[in-house]
Amino acid sequence: MSDDQDNGLSRPKFLDLLRTLQGCEDRESAVRAVMDAVAGVFRPGLICYLPENGDRPLGDRGAWTNGVRLLPDQIVKMLPSKRGFALAVKEKGVRVGVLCADEVEHPRSLDKELSMLLMIPDALEIAFSNIRLMNDLRDSQDRLAQLSESLGVANKILRHDIANELLVISSSLELYQLNNREKDLLRAQTSLQRMQNIITQMRELDRFLFSRAEVVATDLREVIDKVMAGMEIPYTVVGGGKVLADPALAAIIENLARNAKRHGKAEGMLFTITTANGRTVLTVKDDGSGIKEEFLSRVFMEGVAFGESRGTGLGLYLVMRTMQRYGGSVTARNDPRGGAVFEMDFRSA
647 MSDDQDNGLS RPKFLDLLRT LQGCEDRESA VRAVMDAVAG VFRPGLICYL
697 PENGDRPLGD RGAWTNGVRL LPDQIVKMLP SKRGFALAVK EKGVRVGVLC
747 ADEVEHPRSL DKELSMLLMI PDALEIAFSN IRLMNDLRDS QDRLAQLSES
797 LGVANKILRH DIANELLVIS SSLELYQLNN REKDLLRAQT SLQRMQNIIT
847 QMRELDRFLF SRAEVVATDL REVIDKVMAG MEIPYTVVGG GKVLADPALA
897 AIIENLARNA KRHGKAEGML FTITTANGRT VLTVKDDGSG IKEEFLSRVF
947 MEGVAFGESR GTGLGLYLVM RTMQRYGGSV TARNDPRGGA VFEMDFRSA
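647 is the number of the first residue of the sequence shown in my numbering; add one for each residue after it.
Printed below as a string of structure tokens:
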């Protein structure tokens, strides 16, 4: 087949490429689609994509492209004798990689299809932008779904728990008026305290729901020290590390500390930070009464509460959901020597 015949087939292939790029859901699939199109039009012996950030290359490097370098503003560089090329790939105007082809079967095709070749960076940049926007849209939809779920939980608590406490207060005060018994007044006061705890936890809910932001490198020790400074309970931090989190991390630490003090009657806490294989684990141990065994398997479920000072059953549920949002997890157990142990697994920054 002649060069002209080959070039006659290139335009439909590039139109197919544009249609293919519209359906790509991630950057790698978009780059591979371009590599396939380039391979179909120019028929290089070797083709590869070299990311600027040092990630693994896609495809195979040729002898020339193995050491090719582009100037900062250079878009394309031709291999001597036009047997190949290096093409800059950009995102938001910044070069993010280089597409390289070696041992092109028909060198003349590079001259005739240079304008088509120079369209590839623009096509990829538009594809990257679309992928980024679609990912942002999916993230927004996920956040909206989580927000809706959490607000539904809060509404359920307000309707159920506070209504129950108001009923107890009302009936207790009526009995007190009739019989003037101290225990009826104490029952009303206890219910009022529970209502105050619910309102406090609603404020915690606000922190979980509205402090969320893009996850960034966050120093665990700094967050722990800042939160624990206002908790009036002795603590120790062992180790250190940075994790991917947002401001809701402070609400997680505060929730665990408040639970240990209020529900477990703890007098001290130990925070241990370990990092390995791209993950960071924060182990939080207290010296309190621990968690009753019958509740351990359900402690992170919505609405599960226990003990005389039981709350809404919302705090640990939100801790679990926040850790999932971070791409991590949280587990709970009792230490055989006493106290509760929470282990949180984060992505390291």
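Note that beta-carbon positions come from the ideal geometry of N, C-alpha and C, so glycine has one too.
**Study point:** 6 Å CB neighbourhood of residue 815 in its chain, flanking five on each side removed
**Key:** 834 and 837
Check your understanding: Does DSSP classify residue 757 as helix, strand or coil?
Key -> In the three-state reduction of the DSSP assignment, residue 757 falls in the helix class.
Exercise for review: Just the C-alpha distance for residue 955 and residue 901, rounded to the nearest angstrom, thanks.
Suggested key: Here residue 955 scores only 46 on pLDDT, less than 50, and its place in the model should not be relied on; the value that follows carries that caveat. So the two alpha carbons sit approximately 14 Å from each other.
Check your understanding: Going by DSSP, what residues sit across from residue 690 in a beta bridge?
Key -> DSSP, once it has assigned bridges, lists no residue as partnering residue 690.
Point to revise | Collapsed DSSP secondary structure at residue 947 in the structure displayed | key: coil
Exercise for review: Please state if the CB of residue 725 and the CB of residue 706 are separated by a distance shorter than 8 Å.
Suggested key: no
**Study point:** Cβ contact check for the segment 720-734 and the segment 662-669: 3 or more pairs under 8 Å
**Key:** Touching, no, given that fewer than three Cβ pairs across the two stretches are closer than 8 Å.
**Study point:** Other residues of its chain near residue 1016: CB distance less than 7 Å, five sequence neighbours each side excluded
**Key:** One cannot answer for residue 1016 here, as it falls past the ends of the chain, which runs 647 to 995.
**Study point:** Cross-strand partners of residue 705 (DSSP beta bridge)
**Key:** 694
Check your understanding: Three-state secondary structure (DSSP) at residue 984?
Key -> coil
Practice item. Provide the residue(s) that pair with residue 669 in DSSP beta bridges, ordered along the chain. Key: Secondary-structure assignment with DSSP links residue 669 through no beta bridge to anything.
**Study point:** Residue of 972, 907 and 928 minimising C-alpha distance to residue 788
**Key:** For residue 788, the nearest C-alpha among the options comes from 972.
Practice item. Please work out which residues of its chain come closer than 6 Å, Cβ to Cβ, to residue 907, disregarding the five sequence neighbours upstream and downstream, and give them in chain order. Key: 879
Check your understanding: Hey, residue 771 and residue 689 are a contact pair by Cβ (cut 8 Å); roughly how many whole angstroms apart?
Key -> Not confirmed; about 25 Å, so no contact.
**Study point:** DSSP state of residue 771 mapped onto helix, strand, coil
**Key:** helix
Review point. In the DSSP assignment, what residue or residues form a beta bridge with residue 990?
Key: Bridge partners of residue 990: 928 and 976.
Review point. Going by beta carbon distance, what residues of the same chain come within less than 7 Å of residue 991, once the five residues before and after it are set aside?
Key: 925, 927, 974 and 975
Exercise for review: Please name the residue in 809, 916 and 979 whose C-alpha comes closest to that of residue 944.
Suggested key: Among 809, 916 and 979, the Cα nearest to that of residue 944 is on 979.
Point to revise | Span separating the alpha-carbon of residue 720 from that of residue 741 | key: The C-alpha of residue 720 lies about 10 Å from the C-alpha of residue 741.
**Study point:** Range of the contiguous beta strand (DSSP E) that encloses residue 751
**Key:** No beta strand (DSSP E) holds residue 751; DSSP gives it neither H nor E.
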